[in-house]
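Here is the structure we will look at, set down as structure tokens.
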Amino acid sequence: MAIHPLSDLTATELKQAASLVRALYRGQQLVFKAITLEEPPKELVLRYFKAEENGTPLPVIPRTAFAAYYLKGTNNFITTFVNLTENLIEKTERMSPKYHGNVDFDEVGKVEEMVMKTPDVVAEIEKLHLPENLCVVPEAWGFGSDGVDDARRQYQVYMFVGDKSNPDSNHYARPLAFSPVVDTVLMKVTRIDQIPTGAGWKTQETQPWRYVEPSEYVPEALQLRQDLKPLRVLQPEGTSYSINRDNFLQWQKWSFRVCFNYREGLLLRDIRYDGRPVFYRVSLSEMTVPYADPRSPYHRKQAFDLGDVGAGLVANNLSLGCDCLGSITYLDGLISDPSGEPLVKKNAICIHEQDNGIGWKHSNYRTERACVVRNRELVIQQILTVSNYESVRPHAIRSRFESSH
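Residue numbers 1244 to 1648, in my numbering, belong to the letters of the sequence shown in order.
Take a look at the structure:
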């Protein structure tokens, strides 16, 4: 059976794209930042939809993948378009040196590990004279461009103090006043910035550690309230929606495709109500978190969650908590790892129904009869964790012809 033109890349297609790209660089190692579906022109897809509706032969739309990658050990950031249908490369372009690929866990992990082994950083840590129960926790941030050294791929590594006895301790409440800067091509610390941690602009040399009261968030470290009784969501007859192997979902008069990619994470395609097109595509374009601190290096600390990192990359495994309630459907996401192999993001999307209050009500004051209808909604949800904060992204589709994000 032919793959729908808007379906996510399969693991086989992802491997095919990576193999064709590698063949361009015999003897060189690549570091893939993304391999994802290059969406076909909307005009072609609309013709495909029309043929589906009319029951006529479906037009053939080539499947194309977009790959973004580095030549390992260089600052050469390259993009390639791969025609999967014809098994050939369509276009390759080396990007301007001022453009950089997104961060990934593999790169971040290597940077943080290297920083903690760097003699100058070790010397700074020794100045703290930390108690035996405490340790230093590094956190690498992509180095936001501010017009200086834009062509260098760098990380600003913020340093915190954690509790050895509790790996979930809130180290963000205990920042340190020094921050290494890393060049990823050289893979070494190029300097150590002294940074302000208080309310003013003042910086100083690293001082011996002084006790800071912990500020924890894990339940076992807090006194939880005892005045709430259990609230259970039960659906003994199961859900009111259906979803097939191609992630085509139908609920009441709504229908759409649930999709996933490395950059946007969850996205919905071809949303229809009673067969009528409502939205061609619904997704988050970008989310930015400006820390708005004018002091260096914080003035560069403005995360772009989708462009700098990737919502698909940092998607939570939603079966590990109470992110959805009731009868739940979990969907995996598929992205690529740095070597170009398929990487499954388990349970990256959860789907469930919930009550959303009253849809409509009318009371006939003459007969005292009341008619009331509940407003049920279908929630398709993803949750991101980007370092020190979460972003909950629920798409809610309601009985009364409403959709919200």
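Heads up, the beta-carbon is just placed ideally off N, CA and C, and yes, glycines get one too.
message: For Leu1419, tell me which candidate among Leu1561, Gly1441, Gln1493, Ala1294 has the shortest Cα-Cα distance.
response: Considering only Leu1561, Gly1441, Gln1493, Ala1294, the residue with the shortest C-alpha distance to Leu1419 is Gly1441.
message: On the DSSP bridge list, what partners appear for Phe1403?
response: Val1380, Pro1418
- prompt: Thinking C-alpha only, which one of Gln1597, Gly1518, Ser1579, Ser1642 is nearest Leu1309?
  reply: In the sequence as presented, Leu is not what sits at residue 1309; that position holds Phe. Nearest to Phe1309 by C-alpha distance, out of Gln1597, Gly1518, Ser1579, Ser1642, is Ser1579.
message: Let's see if you can read the secondary structure: which residues bound the beta strand (DSSP E) around Lys1588?
response: Per DSSP, Lys1588 belongs to the beta strand (DSSP E) from 1585-1607.
field: Distance between beta carbons of Val1428 and Thr1279, contact taken as under 8 Å
entry: In fact, because the Cβ distance is near 25 Å, the residues do not count as touching under 8 Å.
task: Work out the CA separation of Gly1569 and Glu1596 for me, nearest whole Å.
output: 7 Å
message: Nearest by alpha-carbon distance to Thr1446: which of Arg1612, Asn1599, Arg1538 is it?
response: Arg1538
message: Give me the residue from Tyr1608, Val1616, Ser1634, Arg1609 with the minimum Cα distance to Gly1602.
response: That would be Val1616, whose Cα lies nearest to the Cα of Gly1602.
message: Residues in the same chain with beta-carbon distance under 6 Å from His1605, minus the five sequence neighbours each way, listed in chain order, please.
response: Cys1614
query: Using DSSP with H/G/I as helix, E/B as strand and the rest coil, what is Ala1260?
result: Ala1260 carries a helical assignment under DSSP once its states are collapsed to helix, strand and coil.
Option in Glu1329, Phe1320, Val1501, Pro1540 with minimal Cα separation from Val1424: That would be Pro1540, whose Cα lies nearest to the Cα of Val1424.
Assigned secondary structure, Tyr1541 (DSSP; H/G/I helix, E/B strand, else coil): helix
task: Figure out for me which residue from Ser1526, Thr1307, Asp1393 has the closest Cα to the Cα of Lys1334.
output: Thr1307
- prompt: Which same chain residues, not among the five before or five after Leu1377, have their C-beta less than 6 Å away from its C-beta?
  reply: In the same chain as Leu1377, and ignoring 5 residues on each side of it, the C-beta atoms closer than 6 Å to its own belong to Val1404, in chain order.
Sequence-distant residues of the same chain with beta carbon closer than 8 Å to Arg1636, five excluded per side: These residues qualify, in order along the chain: Gly1508, Leu1509, Leu1527, Ala1554, Gln1624, Gln1625, Ile1626, Leu1627, His1648.
task: Taking Leu1187 as the reference, give the member of Gly1352, Asp1598, Tyr1291, Glu1369 with the closest Cα.
output: With the chain running from 1244 to 1648 in the structure shown, residue 1187 is simply not present.
query: Does the beta-carbon of Gln1272 have 16 or more other beta-carbons within 10 angstroms, so that it is buried, or is it exposed?
result: exposed
message: So for Asp1436, helix, strand or coil by DSSP?
response: In the three-state DSSP reduction, Asp1436 falls in the strand class (E or B).
Option in Asp1548, Pro1585, Gly1576 with minimal Cα separation from Ser1634: Proximity to Ser1634 across Asp1548, Pro1585, Gly1576 peaks at Asp1548, based on C-alpha coordinates.
task: Inspect the beta-carbon positions of Thr1572 and Ile1514 and report whether they are closer than 8 Å.
output: no
field: Cys1683 versus Gly1481 - alpha carbon distance
entry: The question about residue 1683 has no answer here: the residues shown for the chain are numbered 1244 through 1648.
field: Spatially closest choice to Glu1584 from Leu1467, Leu1252, Ala1261, Ser1250, by CA coordinates
entry: Ala1261
Identity of the residue in Gly1518, Val1461, Lys1285, Asn1560 nearest Asn1297 by Cα: Sorting Gly1518, Val1461, Lys1285, Asn1560 by C-alpha distance to the C-alpha of Asn1297 places Gly1518 at the top.
- prompt: For Ile1571, does the three-state DSSP call read helix, strand or coil?
  reply: coil
query: Exposed or buried, Thr1299, counting other C-beta atoms within 10 Å across all chains shown (16 or more means buried)?
result: exposed
- prompt: Per DSSP, what kind of secondary structure is Ser1647 in: helix, strand or coil?
  reply: strand
task: With DSSP collapsed to three states, give me the class of Phe1348.
output: Under the three-state reduction of DSSP, Phe1348 is assigned to helix.
Nearest neighbour of Ala1383, chosen from Tyr1398, Leu1492, Phe1275 [CA to CA]: Tyr1398
- prompt: Start and end of the beta strand (DSSP E) containing Leu1654?
  reply: The structure shown has nothing for residue 1654, since the chain only spans 1244 to 1648.
task: Flag this pair as yes or no: are the beta carbons of Lys1341 and Val1274 separated by less than 8 Å?
output: no
query: So, do the segment 1464-1478 and the segment 1488-1497 have three or more beta carbon pairs nearer to each other than 8 Å?
result: no
message: Please state whether the Cβ-Cβ distance between Thr1328 and Ala1311 is less than 8 Å.
response: no
- request: Under the assumption that Pro1457 contacts Ser1412 (Cβ atoms under 8 Å), give the Cβ distance between them as a whole number of angstroms.
  value: 7 Å
query: What did DSSP end up calling Glu1356 once you bin it into helix, strand or coil?
result: helix
query: Between Lys1370, Arg1395, Val1552, Phe1421, which lies nearest to Ser1630 when the distance is taken from Cα to Cα?
result: Minimum Cα distance to Ser1630 is reached at Val1552.
- request: To the nearest angstrom, report how far apart Pro1533 and Ala1639 are at their CA atoms.
  value: 27 Å
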